[in-house]
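Enquirer:
In the numbering used here, the protein residues as written are 14 to 254.
1. Are the beta-carbon atoms belonging to residue 230 and residue 224 less than 9 Å from one another?
2. Would you mind reading off the limits of the alpha helix (DSSP H) that contains residue 125?
3. I need the straight-line Cα distance from residue 254 to residue 20, nearest angstrom please.
4. I'd like to confirm the pairing. Which residues does DSSP put opposite residue 197 in its beta bridges?
5. With residue 234 as the anchor, note down where its alpha helix (DSSP H) starts and where it stops.
6. Tell me which residues share the same chain as residue 48 and place their Cβ nearer than 7 Å to its Cβ, disregarding the 5 neighbours each side in the sequence.
7. Only counting the same chain, and skipping five residues up and downstream in sequence, which positions put a Cβ closer than 6 Å to that of residue 198?
8. Got a sec, what are the start and stop residues for the beta strand (DSSP E) residue 79 sits in?
9. Tell me the DSSP secondary structure of residue 156 in three-state form.
10. Quick one: residues in its chain with C-beta nearer than 7 Å to the C-beta of residue 216, no 5 flanking neighbours on either side, listed in chain order?
11. In this structure, what does DSSP give as the bridge partners for residue 112?
12. Within this structure, are the beta carbons of residue 125 and residue 101 separated by less than 9 Å?
13. Can you check which of these residues, 71, 144 and 114, is closest to residue 46 by C-alpha distance?
14. For residue 189, which of helix, strand or coil comes out of DSSP?
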């Protein structure tokens, strides 16, 4: 059984993910998928791993085909994009990279996590906070990143991007109208959340309709198979007509 195929588990995952900031939602869903011991552990996973796991969950629960609409930057045409999810959920094997720092010292750059994004969202300088959180010296000690020069900051940012794995996935599309080939960034965690939220909304609507028609409790409806729910929904709609 896939992670979210059980209706009650789907609603639990949706409810908990809806209560946290967007930066943490994919980690919450990955936890509900059984890929982390708890949410705190999921928040500490590299963003690339979280997005790769989100892609795996998307394929298991909603199908392998990913459909999206992207605007062409050349002519503003709306492009329909369809691609296999499996091409997007390769996790990065690397957790850190070394780059040259000031005074011939080596800096260690680690992959960013959802916990880093949450912390950055609470301060006036998010970029500076992310930089400070992901950089240490070669011995693992904190570094005052405010003293880094532009070239050193650029090296750190490049290393962080290389460590981001599936979190930095992009797809090149082709516009039949103007011939442009725009790049579409793919937020796999956000796409999974959109599908979970949509499925949860539809499920709650079914529960509400059957509760109103037959007086059933939520757990009674959730224990039914999808086929049985659909049959009772048809009966309820006939009765209301």
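Backbone N, C-alpha and C define an ideal beta-carbon position, used for all residues, glycine too.
From a predicted model like this one, the values you see are computed outputs, not experimental measurements.
Expert: In brief:
1. Position 217 of the chain shown, counting from 1, holds the residue named residue 230. Position 211 of the chain shown, counting from 1, holds the residue named residue 224. Cβ distance < 9 Å, so residue 230 and residue 224 count as in contact.
2. For the purposes of this step, residue 125 is taken as residue 112 along the chain shown, with counting starting at 1. Note, residue 125: premise wrong, no alpha helix (DSSP H); not H, not E.
3. Working through the chain shown from its first residue, we reach residue 254 at position 241. Working through the chain shown from its first residue, we reach residue 20 at position 7. With a pLDDT of only 47 at residue 254, under 50, the local geometry of the prediction cannot be trusted, and no value is derived from it.
4. Stepping through the chain shown from its first residue, residue 197 is reached at position 184. 184.
5. Your numbering for residue 234 matches position 221 in the chain shown. Here the alpha helix (DSSP H) through residue 234 covers 231 to 235.
6. For the purposes of this step, residue 48 is identified with residue 35 of the chain shown, where counting begins at 1. Excluding sequence neighbours, residue 48 sits near 66.
7. One-based indexing of the chain shown puts residue 198 at position 185. So the list reads 183, once near-sequence residues are dropped.
8. On the chain shown, residue 79 is found 66 positions in, with the first residue counted as 1. Taken as a continuous stretch (DSSP letters only), the beta strand (DSSP E) holding residue 79 covers 78 to 84.
9. Walking along the chain shown from the start, residue 156 turns up at place 143. In the structure shown, residue 156 sits in coil (DSSP, three-state: anything other than H, G, I, E or B).
10. Locating residue 216 in the chain shown gives position 203, where the first residue counts as 1. Contacts found: 20, 23 and 24.
11. As a position in the chain shown, residue 112 is number 99, starting the count at 1. Note: residue 112 sits in a beta bridge opposite 120.
12. For the purposes of this step, residue 125 is identified with residue 112 of the chain shown, where counting begins at 1. For the purposes of this step, residue 101 is identified with residue 88 of the chain shown, where counting begins at 1. Not closer than 9 Å, so no.
13. Reading the chain shown from its first residue, position 33 is the one you call residue 46. Looking at the Cα atoms, 71 is the closest of the given residues.
14. Counted from its first residue, the chain shown places residue 189 at position 176. Correct three-state label for residue 189: coil.
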